[in-house]
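Chemist:
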Amino acid sequence: MRGQSQDRNASAALSGFKRFPAWMWRNTVVRDFVEWLHEHNRGLPGSQQVGLYGIDLYSLFASIEAVLAYLDVADPQAAAQARSRYACFDHYDRDSQAYGYASSYGLRPSCEDEVIQQLREMNCRLAETTPLPGMESDEAFFAQQNARLVCNAEEYYRTMFHGHILSWNLRDSHMVETLQALERHMKGHGISPRIAVWAHNSHLGDAAATEMGARGEWSVGQLARQHWGSDTVLLGFSSYRGSVTAATQWDASAQRRRVRDGLPGSYEALFHETGLPRFWLWLRGNAALREWLAEPRLQRAIGVIYQPQTERQSHYFHTHLADQFDAVIHIDETRALEPLERDAGWIHGEVPETFPSGL
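Residue numbers (the working numbering): 0 to 358.
1) In three-state terms, what does DSSP make of Gly133?
2) Ignoring anything shorter than 4 residues or poking outside the segment 268–350, list the alpha helix (DSSP H) runs there in chain order.
3) When we look at the beta-carbon of Arg214 and count the other beta-carbons within 10 Å, is it buried (16 or more) or exposed?
4) Measure the CB-CB distance between Phe32 and Arg25 and report whether it falls below 8 Å.
5) For Gln5, count neighbouring Cβ atoms within 10 angstroms of its own Cβ and tell me buried if that reaches 16, exposed if not.
6) So is Gln96 buried or exposed if we call it buried at 16+ other beta carbons inside 10 Å?
7) Under 8 Å by Cβ, that's how I've got Tyr156 and Ala245 pegged, so tell me the actual separation to the nearest angstrom.
8) Go ahead and label Val28 buried or exposed: buried means 16 or more other beta carbons lie within 10 angstroms of its beta carbon, across all protein chains shown.
9) Which value, in whole angstroms, describes the spacing of the CA atoms of Gly133 and Asp71?
10) Buried or exposed for Ala79, going by 16 or more other Cβ atoms inside 10 Å?
11) Give me the Cβ distance between Asp331 and Arg277, rounded to the nearest whole Å; I'm assuming they're in contact under 8 Å.
12) The beta strand (DSSP E) with Thr27 in it runs from where to where?
13) For the alpha helix (DSSP H) that contains Ala73, what are its first and last residues?
14) For Gln179, which residues in the same chain have their Cβ closer than 8 Å to its Cβ, ignoring the five residues on either side in sequence?
15) Which full runs of the alpha helix (DSSP H) of 4+ residues lie inside the segment 145–193, going along the chain?
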């Protein structure tokens with residue numbers, strides 16, 4: 000996007016996304032968006048260019064590689080020490096969940112001490128050193144953030160077998176910490192950033208206004224409101240029917256699947272009853288809409304996995320929409336993302352006979 004790599008085009012730039020769910024980034028929408036941003040950035044000074052940054056913590060082993068690649072150039076002796084620490088993960092064949100299972104049940108010692116030590120060293124390096132000549136000024140920051148990701152991901156995978164709530168909260172806290180670190184880094188370069196966060200509704204909405212919050216979960220949207228106040232705008236999306244690219248279970252292949260009509264009593268069904276194919280609602284400070292939407296309703300959330308056979312239990316939860324989001328966009332019938340690699344499971348997926356002419 001910024002012309003700083005050897006990638007020929009957006010498809011090449013996205014080729015590194017190989018881990019499940021690769022289609023979430025390697026799809027035609029993101030490809031076209033990255034190409035558009037590349038053209039947008041052309042000729043602009045660095046302080047005005049747009050960047051795209053990851054905030055999730057699933058890339059445990061890729062982040063280890065990023066830390067080592069940086070240190071191999073910046074400080075080979077420190078790289079050797081980091082390899083020795085990260086060797087703690089060598090028994091797991093790059094399987095993060097295998098590490099989490101073994102360490103959480105005491106089958107092998109955890110790598111907690113090693114990743115904390117490495118993060119402390121990277122924090123000190125970022126605070127005390129100047130990047131080597133010829134290295135981008137951002138590289139030390141990126142390496143430090145990858146070290147922080149390894150530390151948080153180690154804890155995430157170690158706790159995920161002992162309760163969904165704790166692991167969920169660790170993950171969303173990591174995302175917001177990353178946003179805060181990115182903001183500080185940009186301000187340190189004299190940039191006043193505007194940040195758009197792209198994530199699923201269940202992360203971006205304010206969990207305090209939902210059934211999630213009632214059981215102790217928090218979200219990126221909730222934590223962002225607490226930190227940035229009214230500068231935060233939470234935008235949700237809604238759809239009544241259509242198709243979605245999703246898997247049947249974790250690490251399964253992507254399929255194009257038909258989305259069932261919204262359940263009676265849900266916001267999706269309520270919005271469908273308007274008869275409008277698409278519209279948006281501004282909820283913040285809108286007394287009339289707040290009164291109309293005062294009653295909590297079911298809301299559907301589909302992520303990278305879709306299980307229509309247990310849709311009510313797997314994908315719906317109660318929310319107070321006017322508190323959950325500042326605005327909502329409803330598109331009554333949507334169509335699935337198109338992966339850059341489409342196998343038979345996607346091409347011949349479960350879609351209505353009228354797709355896409357019925358949209």
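Every residue, glycine too, gets a C-beta built ideally from N, C-alpha and C.
Modeler: So, to answer that:
1) Within the sequence shown, numbered from 1, the residue matching residue 133 stands at position 134. For Gly133, the pLDDT reaches just 48, beneath the cut-off of 50, and the residue's location in the model is therefore unreliable, leaving the point undetermined.
2) Correct list: 286–291, 310–314, 320–323, 343–346.
3) Here residue 214 refers to the residue found at position 215 of the sequence shown. By the neighbour-count rule (16 or more Cβ atoms within 10 Å), Arg214 is not buried but exposed.
4) For this step, residue 32 is matched to residue 33 along the sequence shown. For this step, residue 25 is matched to residue 26 along the sequence shown. Contact flag unset, no.
5) Residue numbering aside, residue 5 sits at position 6 when the sequence shown is read from its first letter. Looking at its Cβ environment, which holds fewer than 16 other Cβ atoms inside 10 Å, Gln5 is exposed.
6) In the sequence shown, residue 96 corresponds to position 97, counting from 1. Exposed, by the Cβ-count rule.
7) Along the sequence shown, read from residue 1 onward, the residue named residue 156 stands at position 157. Along the sequence shown, read from residue 1 onward, the residue named residue 245 stands at position 246. Their Cβ separation, rounded to whole angstroms, is 23 Å, which puts Tyr156 and Ala245 out of contact at 8 Å.
8) In the sequence shown, the residue the question calls residue 28 occupies position 29. Answer is exposed; the Cβ neighbour count stays below 16.
9) Along the sequence shown, read from residue 1 onward, the residue named residue 133 stands at position 134. Along the sequence shown, read from residue 1 onward, the residue named residue 71 stands at position 72. Reliability of the predicted coordinates at Gly133 is poor, the pLDDT of 48 falling under 50, and no value is obtained from them.
10) In the sequence shown, the residue the question calls residue 79 occupies position 80. Looking at its Cβ environment, which holds fewer than 16 other Cβ atoms inside 10 Å, Ala79 is exposed.
11) As a working note, residue 331 is residue 332 in the sequence shown. As a working note, residue 277 is residue 278 in the sequence shown. The pair is a contact, with the Cβ atoms about 6 Å apart (cut-off 8 Å).
12) Translated into the one-based positions of the sequence shown, residue 27 becomes position 28. Here Thr27 belongs to no beta strand (DSSP E); instead the alpha helix (DSSP H) covers 27–40.
13) Along the sequence shown, read from residue 1 onward, the residue named residue 73 stands at position 74. 59–73 is the span of the alpha helix (DSSP H), which, as asked, contains Ala73.
14) Position 180 of the sequence shown holds residue 179. Contacts found: His226.
15) 163–187
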